[in-house]
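Respectively, the protein sequence lines represent chains A and B.
258 is the number of the first residue of the first sequence in my numbering; add one for each residue after it.
258 is the number of the first residue of the second sequence in my numbering; add one for each residue after it.
There are 2 protein chains.
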Amino acid sequence: MPNKRLKASGKKAVILLSGGLDSAVALYFAKKQGFKCHCLVFDYHQRHRREIKSARAVAESAGSPIEILKIHLPAKGSSLLDANLRLTTYDLRLKGIPATYVPGRNIIFLSFALSFAETEKASAIFIGAHAQDYSGYPDCRPDFYRDFRRVAKSGTKVGVEGRPIEICTPLIHKTKAQIIKMGKRLGVPFALTWSCYRGARVPCGKCDSCYYRIKGFKEAGIKDI
Amino acid sequence: MPNKRLKASGKKAVILLSGGLDSAVALYFAKKQGFKCHCLVFDYHQRHRREIKSARAVAESAGSPIEILKIHLPAKGSSLLDANLRLTTYDLRLKGIPATYVPGRNIIFLSFALSFAETEKASAIFIGAHAQDYSGYPDCRPDFYRDFRRVAKSGTKVGVEGRPIEICTPLIHKTKAQIIKMGKRLGVPFALTWSCYRGARVPCGKCDSCYYRIKGFKEAGIKDI
């Protein structure tokens, strides 16, 4: 696990920030470790684009610069991108990969982060992927990150000639409740974060993302906002 | 080597097309193998953007649909992107990774191709990376493709649940002369392709890309148009 060996004082890190709770905790964790953090946010026509506003507020609260990249994902058929598709409410009986899965999303995000990190001479990338996600999304599982670390080594100049950029997943084995407790200790401003997939004015409280947030705060014994 | 095991009749493939000679050969090779080819082209503010026009012409000649994705690469400092930086002429004495290296470029291109392929239910991705490139660019070396194949397996739904999308590099161990001979056999319309990094009205004949093209045609004993 490369996450534990980091000596970060003054070093730069790229943080993949979404506006949600997990990536905010990843940002505050990296900052606490001494990294000079540079946030990377994607506007990919997601249904819940209001999370970008939250990402701006979170980055500002941490005093970190932010870069927003507009990209057009070639993926179709995800209910997270297509407002014509029904966004299901949380259902424990549903097994397998959820309909909100966007093919290649984290692979694309990490690839841009790798390019950005190499350009900015950053030594690490932080992403808030974690255990509860990997019950569903393939690109949130430890196996995928192990393999992407290999790509970061063999596919970049810095990886081939020197020390590869670290792909840090400090939340990967944590539950949502543990992440919330960790965020509380780190002083993460939860009120600024946005989780709901629907992206309306107030959270729906019913989608997968709302479900896990509510459950997490309850289990952590912490009041949301 | 997955390239040899392909039984492609009627199957779909995504072809990373640049407008250059190599990717045109990769397209015609995939077509010959029986793949229904869908070309993916990137407009990433490259200096030689006129290669996109060539890519359109090449795709049309093969009767293949084309998708052009505009992306903003976060990379800076590459003479291929920044017209203020000097584009060096070919120099045999220069060792190491050339100044035209764009951090993460093929990683980003392949990630988009993976997303596109999974969405379109394509079973393979073809990229024209090859031996001569990997004397310089890390993301043109066999090691990188070995590692990216692992990502294609562990990071996508189709890779986890079924048969991963194949990453095909049919030119990887070939010299430019061998690629040109192969293209000749496949009927690749070389006159439609564009190689020069400068992207002016006529090829400069001096940049790395022109150098290898001229040398390749000479060694193959074939006349470039």
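C-beta atoms are modelled at their ideal positions from N, C-alpha and C, and glycine is treated no differently.
Can you pull the chain A neighbours of residue i, defined as C-beta to C-beta under 8 Å?
i: residue 481 of chain B; result: Here the premise fails: no neighbours, minimum Cβ distance about 31 Å.
i: residue 286 of chain B; result: Within 8 Å Cβ-Cβ: nothing; residue 286 of chain B doesn't reach chain A, min ~23 Å.
Mapping DSSP to helix, strand and coil, what is residue i?
i: residue 324 of chain A; result: strand
i: residue 382 of chain B; result: strand
i: residue 270 of chain B; result: strand
i: residue 445 of chain B; result: coil
i: residue 429 of chain A; result: coil
i: residue 284 of chain B; result: helix
i: residue 333 of chain B; result: coil
i: residue 293 of chain A; result: strand
i: residue 423 of chain A; result: strand
i: residue 459 of chain A; result: coil
i: residue 476 of chain B; result: helix
i: residue 298 of chain A; result: strand
i: residue 467 of chain A; result: helix
i: residue 313 of chain A; result: helix
i: residue 397 of chain A; result: helix
i: residue 303 of chain B; result: coil
i: residue 440 of chain B; result: helix
i: residue 415 of chain B; result: helix
Can you check whether the C-beta of residue i is within less than 8 Å of a C-beta belonging to chain B?
i: residue 395 of chain A; result: yes
i: residue 324 of chain A; result: yes
i: residue 446 of chain A; result: no
i: residue 405 of chain A; result: yes
i: residue 408 of chain A; result: yes
i: residue 328 of chain A; result: yes
i: residue 354 of chain A; result: yes
i: residue 258 of chain A; result: Any answer about residue 258 of chain A is weak, because its pLDDT of 43 lies below 50 and its placement is not dependable; what the coordinates show is given next. So, not an interface residue.
Restricting to Cα atoms, I'd like to know which of the options is closest to residue i.
i: residue 270 of chain B; options: B:406, B:387, B:371; result: B:371
i: residue 360 of chain A; options: B:397, B:417, B:358; result: B:417
i: residue 383 of chain B; options: B:406, B:373, B:397, B:427; result: B:427
i: residue 375 of chain B; options: B:460, B:421, B:299, B:472; result: B:421
i: residue 458 of chain A; options: A:403, A:409, A:306; result: A:306
i: residue 333 of chain B; options: A:369, A:308, A:312, A:423; result: A:369
i: residue 470 of chain B; options: B:362, B:454, B:302, B:433; result: B:433
i: residue 398 of chain B; options: B:409, B:460, B:406, B:386; result: B:386
i: residue 400 of chain B; options: A:439, A:407, A:401, A:358; result: A:407
i: residue 413 of chain B; options: A:373, A:365, A:481, A:460; result: A:365
i: residue 357 of chain B; options: B:453, B:476, B:473; result: B:453
i: residue 328 of chain A; options: A:301, A:462, A:276, A:275; result: A:301
i: residue 378 of chain B; options: A:409, A:377, A:331; result: A:331
i: residue 441 of chain A; options: A:463, A:479, A:424; result: A:479
i: residue 402 of chain B; options: B:462, B:298, B:425, B:381; result: B:425
i: residue 373 of chain A; options: A:472, A:296, A:462; result: A:296
For residue i, which residues in chain A fall below 7 Å Cβ to Cβ?
i: residue 373 of chain B; result: 331
Going along chain C, which residues have a C-beta under 7 Å from residue i?
i: residue 421 of chain A; result: Among the protein chains in the structure shown, which are A and B, there is no chain C.
Between residue i and chain A, is the shortest Cβ-Cβ distance under 8 Å, so that the two count as touching?
i: residue 432 of chain B; result: no
i: residue 384 of chain B; result: no
i: residue 309 of chain B; result: no
i: residue 272 of chain B; result: no
i: residue 299 of chain B; result: no
i: residue 292 of chain B; result: no
i: residue 474 of chain B; result: no
Who are the near neighbours of residue i in its chain, counting only those whose CB is closer than 6 Å to its CB and skipping five residues on each side?
i: residue 258 of chain A; result: Reliability fails at residue 258 of chain A, whose pLDDT of 43 lies under 50, so the model's placement of it is uncertain and the value that follows must be treated cautiously. Once the five neighbours on either side are set aside, residue 258 of chain A has no close Cβ partner at all.
i: residue 281 of chain B; result: 315, 445, 450
i: residue 363 of chain A; result: 396
Since residue i meets chain B, which of its residues come closer than 9 Å, beta carbon to beta carbon?
i: residue 357 of chain A; result: By Cβ distance, chain B contributes nothing, its closest Cβ being about 12 Å from residue 357 of chain A, past 9 Å.
i: residue 483 of chain A; result: The question about residue 483 of chain A has no answer, for chain A in this structure spans 258 to 482.
i: residue 398 of chain A; result: 411, 412, 417
i: residue 483 of chain A; result: Since the first and last residues shown for chain A are 258 and 482, residue 483 of chain A lies out of range.
Can you name, in chain order, every residue of its own chain whose Cβ lies under 7 Å from the Cβ of residue i, other than the five neighbours on each side?
i: residue 355 of chain B; result: 393, 465
i: residue 294 of chain A; result: 270, 272, 284, 287, 288, 319, 321
i: residue 279 of chain A; result: 385, 387, 428, 436
i: residue 311 of chain A; result: 276, 449, 450, 451
i: residue 218 of chain B; result: The requested residue 218 of chain B does not occur in the structure, where chain B is confined to residues 258 to 482.
i: residue 299 of chain B; result: 326, 328, 366
Excluding five sequence neighbours on each side, which residues of the same chain lie with their C-beta closer than 8 Å to the C-beta of residue i?
i: residue 411 of chain A; result: 417
i: residue 431 of chain A; result: 387, 388, 439
i: residue 252 of chain B; result: Summary: the structure shown does not reach residue 252 of chain B, with chain B confined to residues 258 through 482, and so no result is reported for it.
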